[in-house]
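Here is the structure we will look at, set down as structure tokens.
Number of protein chains: 4
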Amino acid sequence: MTSGPGRRHHGNRHGRSEEARVAVLEAADDLLVELGFARVTMEGIAARAGVAKQTIYRWWSAKTDVLIDAFLQDADEDLTPSDSGDLATDLRAYLRRLALFLGESDPGAVFRALLAQAQHDPAFAREFRSRCLAPQRHRDRLLLERAVTSGRLPSDLDLETETDQLVGPLYYRAVVSGGPVGEDFTDALVEAFLLRHGG
Amino acid sequence: MTSGPGRRHHGNRHGRSEEARVAVLEAADDLLVELGFARVTMEGIAARAGVAKQTIYRWWSAKTDVLIDAFLQDADEDLTPSDSGDLATDLRAYLRRLALFLGESDPGAVFRALLAQAQHDPAFAREFRSRCLAPQRHRDRLLLERAVTSGRLPSDLDLETETDQLVGPLYYRAVVSGGPVGEDFTDALVEAFLLRHGG
Amino acid sequence: MTSGPGRRHHGNRHGRSEEARVAVLEAADDLLVELGFARVTMEGIAARAGVAKQTIYRWWSAKTDVLIDAFLQDADEDLTPSDSGDLATDLRAYLRRLALFLGESDPGAVFRALLAQAQHDPAFAREFRSRCLAPQRHRDRLLLERAVTSGRLPSDLDLETETDQLVGPLYYRAVVSGGPVGEDFTDALVEAFLLRHGG
Amino acid sequence: MTSGPGRRHHGNRHGRSEEARVAVLEAADDLLVELGFARVTMEGIAARAGVAKQTIYRWWSAKTDVLIDAFLQDADEDLTPSDSGDLATDLRAYLRRLALFLGESDPGAVFRALLAQAQHDPAFAREFRSRCLAPQRHRDRLLLERAVTSGRLPSDLDLETETDQLVGPLYYRAVVSGGPVGEDFTDALVEAFLLRHGG
DNA sequence: AAATAAGCGAGACGGTACGTCTTGTCTTCTT
DNA sequence: AAGAAGACAAGACGTACCGTCTCGCTTATTT
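Right under this line is the structure:
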């Protein structure tokens, strides 16, 4: 219970309060899941976090900006693809985890809310794409990239289109149609891929 | 200075004003394209339409409700699949039109905005799914349905999964990744489908 | 308990809500006396009056503007000089009432607060002078004016300076020095006046 | 680049920085004249003085406290009555100087602002009366006191009431009515006094 | 010389109130 | 009866200051 070197205090000249930062991100996360995006407000986040509004505005520009940070803290760890050596196995595992993430998890709810907000606000869309979607896209295509590098897939493969065909239907169900994204479905996507590329 | 027979007046005892209805839908449509969803307000719609706020609230529950009506007026006509007899040709044509609709058209912008709002508000999501997404889903699977009925595709085909694989990547690019949805891409989706089933 | 023609309701196209107007003025008056000027806030007035902040801002520009209205409702009735025919008697009576008003009454507290605020804000000072001080000044010199008109005082009397000598010391004690303003004091001011002008 | 002997540096263990003290008082004075009391803030004073807010709060309790100090530095020197031996002459001279002080000078502006604030805040009123008004009151009655002591005025004179009649109208014009306080006016006040006592 | 300790500039913090904006309801008058 | 007008209660917005706090620096004295 010692105060280590990373311990930040309220207000000092060397930067922001880590305590406040974490409280805000957690409050935003919780409120989104509890109330839904529309009813999350800066005032609500401040009250829940026990923080002054000005402290939020000092470090974030809007509630979407808070939520991006909240999302980024969770997304990396949950979604890094494994690498067993067998492409089919890895793809099946990754799509299952992606499905759970998008459809069931709290960070997934944040992701969908931000994705929605990006439709409403072009300026935010740019921010969201570069900070959230680009890394996510990178994870989504990572297994195919590795397979090309290791020679298990031909080097002239159109990675963009192939990735879209692999994960697009999954996002579609999770975000647009609201259909179920169970193992049957994700496995079928992998089967279709293998049919195209000879697995 | 006479009023023609079809002329509807402000306030009358014979039902709602068609004039006001149309003015509201057009104002909503225009404002969405001009300002983006976030900056469309009921007050703005009323002002643009030259209509009292109460008139809007009398007939619609919220701005999303107005936009659904505005969308439904435009969507049907644009997206009914043609039927040339050749499945591959029809699929290619439909996906191209769907891509243009989602990515470029004004009704497509309304659609994306409403889809986004459905992420933020579960109650609206139900409304939107039944009134907009279900018909859209019906159009998206119509060609495959016909082909099954006419025997060109096997009757045990999983229509849901196949439709998702066909249009999912397209929605994904249009709504999520923001990538281009040109002919190359839509044709590639049809090729993949034919590889699975076209023989 | 009927709703007469003057009865005003919440929001209609023909003007403001009398109910809200009165509630705001009373709330402002009460809060000033209870808390003192510095702790009267627009939010506090709104909450006490059961009124939305916007309703206050629609009709008043600031809390001082509300207080001016609150003051004007009370001041007229309390301070109209009587006219017994005897100048000395009338002057003594008026100064006593003025002393009580400035030093003891609730409207007097409002007056002192507004006078103070006028020192702090030149723009408000102009407003306050024309709407409150000018009528007050008129009341303060009314007895002398009448006496000049009726010939009891010479027509070349410098009314401004005489009025200042009569009431100035009283305002000075009430507002500046905080000294007592009892009958001894007000009567002494009248004696001095009579000494100057021959009783 | 040497530091002179009187030079105070940031931080030392034996007392406050004279440099900071002076900078704060000057900043407060300047800002009051430039912006008016309402727009003078602790943050503004700190910024103008090139001083940390905490430094101000360490030595003063509020902006009014700063202004009292700023006022006291200027007031004494300007307003000590002269003593020519002739009461009427001295009174005329003093009232003219008092009028200029209250109505035209920068310290007079500070005085009026503090007087105003004393109306708003009873606790500050006590502070202000004892530290500013009492000495001022002493100066205002000094000439009459001396005249009593030296036998030029009767020893049973009610000094309080006489002083009020002498300077009250002047304060009244300067602070309340905003009327002009020229020589005509101040001389008239002295004439009235002489009429009462001058013989 | 090193250690100590106070005042300092800096600025983040939890708060409160500001004045504005939009929402959805309501009432009145007009057509 | 429907519409136009617009006042209303509610409550979130983003900003400005408040007064408190911690920090690391500078400096004068003490050891």
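Chains as they are written, first to last, in the numbering used here: chain A, -15 to 183; chain B, -15 to 183; chain C, -15 to 183; chain D, -15 to 183. Glycine included, each C-beta is placed from N, C-alpha and C at the ideal position. Since this is a predicted model, take the numbers as computed values, not measurements.
For residue i, three-class secondary structure by DSSP
i	result
G(-1)(C)	strand
D67(D)	coil
L23(A)	In the sequence as displayed, the identity of residue 23(A) is Arg instead of Leu. It is helical.
D142(C)	coil
S45(A)	coil
V152(B)	The residue asked about is misnamed: residue 152(B) is Gly in this sequence, not Val. G152(B) falls in the helix class under three-state DSSP.
A172(C)	helix
V160(D)	helix
H(-7)(B)	Any reading at H(-7)(B) must be qualified, since the residue scores a pLDDT of 45, below 50, and its modelled position is unreliable; no value is offered.
L137(C)	coil
V17(A)	helix
G28(A)	helix
A36(D)	coil
V165(B)	coil
Distance between residue j and residue i (C-alpha atoms, nearest Å)
i	j	result
S45(B)	A46(A)	27 Å
S139(C)	Q103(D)	38 Å
E129(A)	L179(A)	18 Å
R125(B)	P164(B)	23 Å
L185(B)	L82(B)	Chain B is shown only over -15 to 183; residue 185(B) falls outside these bounds and no answer can be derived.
D62(A)	D105(B)	26 Å
G20(C)	E144(D)	29 Å
S114(D)	D53(D)	13 Å
R5(A)	T25(A)	17 Å
A93(D)	T147(C)	25 Å
L95(C)	E18(C)	Sequence inspection shows Phe at residue 95(C); the Leu mentioned does not correspond to that position. Rounded to whole angstroms, F95(C) to E18(C) spans 15 Å at the Cα level.
G87(A)	A59(A)	14 Å
T(-14)(B)	A30(C)	Confidence at T(-14)(B) is low in this model, with a pLDDT of 35, below 50, so its placement is unreliable and the value that follows should be read with caution. Rounded to whole angstroms, T(-14)(B) to A30(C) spans 50 Å at the Cα level.
G(-12)(D)	A7(D)	At G(-12)(D), the pLDDT of 38 sits below 50, so the modelled position is not reliable; the number obtained from the coordinates is stated separately. Looking at the two C-alpha atoms, the distance is approximately 18 Å.
L71(B)	E167(A)	29 Å
Y78(C)	R121(C)	13 Å
G69(C)	E175(D)	29 Å
A97(C)	Y41(B)	45 Å
Q38(D)	S66(A)	55 Å
R123(A)	T64(A)	7 Å
R23(A)	H181(B)	47 Å
E3(C)	T48(C)	20 Å
T73(C)	T133(D)	36 Å
F85(D)	Y155(D)	11 Å
F108(D)	Q101(C)	15 Å
E27(D)	G28(A)	28 Å
S89(D)	P119(C)	29 Å
R80(C)	R157(D)	21 Å
A131(D)	L173(D)	17 Å
Supposed close pair residue i, residue j - CB separation, criterion 8 Å
i	j	result
T153(D)	P91(C)	Thr is not the amino acid found at residue 153(D); the sequence shown has Pro there. In fact, because the Cβ distance is near 23 Å, the residues do not count as touching under 8 Å.
L56(A)	A12(A)	Actually they are not in contact, since the Cβ atoms of L56(A) and A12(A) sit about 12 Å apart, beyond 8 Å.
L99(A)	V159(A)	7 Å
L127(B)	L75(B)	6 Å
W43(A)	R0(A)	6 Å
L150(A)	F169(A)	About 12 Å separates the two Cβ atoms, so there is no contact after all.
Proximity test, residue i beta-carbon vs the ligand SAM heavy atom, cut-off 6 Å
i	result
F108(C)	The ligand SAM is not among the ligands present in this structure, which contains no ligands whatsoever.
Exercise. Which ranges does the alpha helix (DSSP H) cover as unbroken runs of at least 4 residues, wholly within the stretch 74 to 131 of chain C, from first to last along the chain?
Worked result: 90 to 104, 106 to 112
For this session: Please determine if the stretch 25 to 37 of chain B and the stretch 130 to 137 of chain B are in contact, where contact requires at least 3 C-beta pairs separated by less than 8 Å.
Result: no
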